[in-house]
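**Student:** Residue 25 in full-length UniProt numbering sits at position 25 of the sequence shown; the count goes up by one each step and never skips. One structure coming up, written as structure tokens, with questions to follow.
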Amino acid sequence: MWNDWDGTTEHQIPKKYVHGHLVLSWKKINVHVKQINKAFFRRSKISYKQILHNVSGNVECGNLLGIMGPSGSGKTTLMSTISHRTKGNFEGELLLNGRPISEEVMIKISGFVPQHDISFDQLTALEHLSLMANLKVSCNTSKIALKEHIDEIISTLGMNKFLNTRISFLSGGERKKIALAVQLLNNPPILFCDEITTGLDSYSAAHIVNTLKSVARMGKIVICTIHQPASGVFGKFDEVILLSNGLLAYQGPVTMVHQLFQKYTSNFYIPDNFLKTIVFDMI
Numbered sequence: 001m002w003n004d005w006d007g008t009t010e011h012q013i014p015k016k017y018v019h020g021h022l023v024l025s026w027k028k029i030n031v032h033v034k035q036i037n038k039a040f041f042r043r044s045k046i047s048y049k050q051i052l053h054n055v056s057g058n059v060e061c062g063n064l065l066g067i068m069g070p071s072g073s074g075k076t077t078l079m080s081t082i083s084h085r086t087k088g089n090f091e092g093e094l095l096l097n098g099r100p101i102s103e104e105v106m107i108k109i110s111g112f113v114p115q116h117d118i119s120f121d122q123l124t125a126l127e128h129l130s131l132m133a134n135l136k137v138s139c140n141t142s143k144i145a146l147k148e149h150i151d152e153i154i155s156t157l158g159m160n161k162f163l164n165t166r167i168s169f170l171s172g173g174e175r176k177k178i179a180l181a182v183q184l185l186n187n188p189p190i191l192f193c194d195e196i197t198t199g200l201d202s203y204s205a206a207h208i209v210n211t212l213k214s215v216a217r218m219g220k221i222v223i224c225t226i227h228q229p230a231s232g233v234f235g236k237f238d239e240v241i242l243l244s245n246g247l248l249a250y251q252g253p254v255t256m257v258h259q260l261f262q263k264y265t266s267n268f269y270i271p272d273n274f275l276k277t278i279v280f281d282m283i
């Protein structure tokens, strides 16, 4: 099992974070960004725009959390902030099991899958994964242990069919799996994914989210931003955060969202696609 993986990495993850029960929480997060307005014949004006307004939340290991909302709602800013991968300062608390977590520790114990693909197109999937393993894993790790770990990642993500195919010939969903596999090489207890389903068809998006759910069930915290979940994807998340203009509209189980809307429209039936339309077109 992955929890038995004891390979020494360049950024060693303390075992208490690999084996322990984790709860990541954030309290009253406020984020401001500097805006510089330049114009001829006058001095540039500097102003600050608030992106997030007192956003709080939490997620436990074993759960798949989706951060959702329309463009400009603050999804990526929130995830960048709680993953300690944002430039500049923020107000609020970021806690792991109730204790403040530093940027250094967060970077060490988490993986981050970016929205844009950064793999080497001329390599096969296996070549790319092997190259990244050599960069991320210490040379003190035995080749046998490393190969077994890579094989388990490949099996978990369902990558066997395209391992020997050049990346430039792979579909968007397959390339997302490669990016995900790279971040799982050092077995991080927390995984962040930015717009992981963007550009994918409905089938590929559902497949990727199912894969993320399987990863979460291994005892990891998995958080991803989603702009417009394809049909059938929304209900696959354990919990969702809904943002609107930098404000928290909802956090909780996916199953409770319908009940929340039904509470205010008790005389009407709320179909699944109506909820998605409301969330992403009107909030």
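Glycine included, C-beta positions come from ideal geometry on N, C-alpha and C. Please read all numbers here as calculations on a predicted model, not as lab measurements.
If you measure between the beta carbons of Leu180 and Val113, is that distance less than 7 Å?
**Tutor:** Cβ atoms of Leu180 and Val113: closer than 7 Å.
**Student:** Do you know offhand how far Ser56's Cα is from Met68's?
**Tutor:** Cα-Cα distance, rounded: 15 Å.
**Student:** Consult DSSP for Asn37 and reduce its assignment to one of helix, strand or coil.
**Tutor:** If DSSP states are grouped into helix, strand and coil, Asn37 belongs with the strands.
**Student:** Can you give me the C-alpha to C-alpha distance between Asn97 and Glu148, rounded to a whole angstrom?
**Tutor:** Rounded to the nearest angstrom, the two C-alpha atoms are 31 Å apart.
**Student:** Write down the C-beta distance between Glu103 and Trp26 rounded to the nearest angstrom, noting that I regard them as a contact closer than 8 Å.
**Tutor:** Not quite, the Cβ-Cβ distance comes to about 14 Å (not below 8 Å), so this is no contact.
**Student:** For Met1, which residues of its own chain have a beta-carbon under 6 Å away from its beta-carbon, when the five flanking residues on both sides are left out?
**Tutor:** With a pLDDT of 44 at Met1, under the threshold of 50, the modelled position of that residue is not reliable, and the figure given next carries that caveat. Nothing listed; no residue qualifies.
**Student:** Secondary structure at Gly235, three-state DSSP: helix, strand or coil?
**Tutor:** DSSP places Gly235 in helix when its eight states are reduced to three.
**Student:** By how many angstroms is the C-alpha of Ala145 removed from the C-alpha of Thr8?
**Tutor:** Residue placement at Thr8 is flagged as unreliable, the pLDDT there being 43, under the threshold of 50; the coordinate-derived value follows with that caveat. Distance between the alpha carbons of Thr8 and Ala145: 10 Å.
**Student:** Work out the CA separation of Leu135 and Gln122 for me, nearest whole Å.
**Tutor:** Taking the straight line joining both Cα atoms gives about 18 Å.
**Student:** Counting pairs of Cβ atoms below 8 Å between the stretch 205–216 and the stretch 72–83, do you hit three or more?
**Tutor:** Touching, no, given that fewer than three Cβ pairs across the two stretches are closer than 8 Å.
**Student:** What does DSSP give as the partner residues of Ile29 in its beta bridges?
**Tutor:** The partner list for Ile29 (beta bridge, DSSP) reads Val55.
**Student:** If you follow the alpha helix (DSSP H) that Gln183 is part of, which residue opens it and which one closes it?
**Tutor:** From DSSP, the alpha helix (DSSP H) with Gln183 extends over Gly172 to Gln183.
**Student:** On the DSSP bridge list, what partners appear for Thr81?
**Tutor:** Partner(s): none; Thr81 has no beta bridge.
**Student:** Looking at the ligand GTP, does it come within less than 6 Å of Ser214, judged from the CB to the closest heavy atom?
**Tutor:** Within the structure as shown, the ligand GTP is missing, as the structure has no ligands at all.
**Student:** Residues in its own chain within less than 6 Å of Leu184 by CB, not counting five upstream and five downstream?
**Tutor:** The residues are Ile153.
**Student:** Run through DSSP, which three-state label would Ile154 get?
**Tutor:** Here Ile154 sits in helix by DSSP.
**Student:** If we ignore side chains and look at the alpha-carbon of each, how far apart do Gly219 and Tyr48 end up?
**Tutor:** So the alpha carbons of these two residues sit roughly 39 Å apart.
**Student:** Taking the beta carbon of Ile36 as the centre, do at least 16 other beta carbons fall within 10 Å, making it buried, or is it exposed?
**Tutor:** Label assigned to Ile36: exposed.
**Student:** On a Cα-Cα basis, can you pick out the residue from Ser119, Asn186, Ser130 and Ser155 that is closest to Gly172?
**Tutor:** Residue Ser119 is the option with its Cα nearest to Gly172.
**Student:** Mind checking which residues open and close the alpha helix (DSSP H) that includes Glu195?
**Tutor:** Glu195 -> no alpha helix (DSSP H), and no H or E assigned at all.
**Student:** Please classify Thr76: does DSSP put it in a helix, a strand, or coil?
**Tutor:** Of the three classes helix, strand and coil, the one that applies to Thr76 here is helix, per DSSP.
**Student:** In terms of residue numbering, what span does the alpha helix (DSSP H) encompassing Leu126 cover?
**Tutor:** Taken as a continuous stretch (DSSP letters only), the alpha helix (DSSP H) holding Leu126 covers Ala125 to Lys136.
**Student:** Residues bridged to Tyr203 by DSSP?
**Tutor:** None, per the DSSP bridge assignment.
**Student:** With a cut-off of 8 Å on the beta carbons, I'd call Ser44 and Phe192 a contact; round off their distance for me.
**Tutor:** The pair is not a contact, with the Cβ atoms about 34 Å apart (cut-off 8 Å).
**Student:** Can you give me the start and stop residues for the alpha helix (DSSP H) that Ile109 sits inside?
**Tutor:** Residues Glu103 to Ile109.
**Student:** Do Ala249 and Gly232 have their C-beta atoms closer together than 7 Å?
**Tutor:** No, these two residues do not count as a Cβ contact at 7 Å.
**Student:** Would you kindly work out how many angstroms separate the C-alpha atoms of Thr225 and Asp194, rounded to a whole number?
**Tutor:** The alpha-carbon atoms of Thr225 and Asp194 are separated by roughly 5 Å.
**Student:** Buried or exposed: where does Thr81 fall if 16 or more other Cβ atoms within 10 Å of its Cβ makes it buried?
**Tutor:** Burial call: buried.
**Student:** Would you check if the distance between the CB atom of Phe234 and the CB atom of Leu64 is smaller than 7 Å?
**Tutor:** No; because the gap between Cβ atoms is not below 7 Å, this pair is not in contact.
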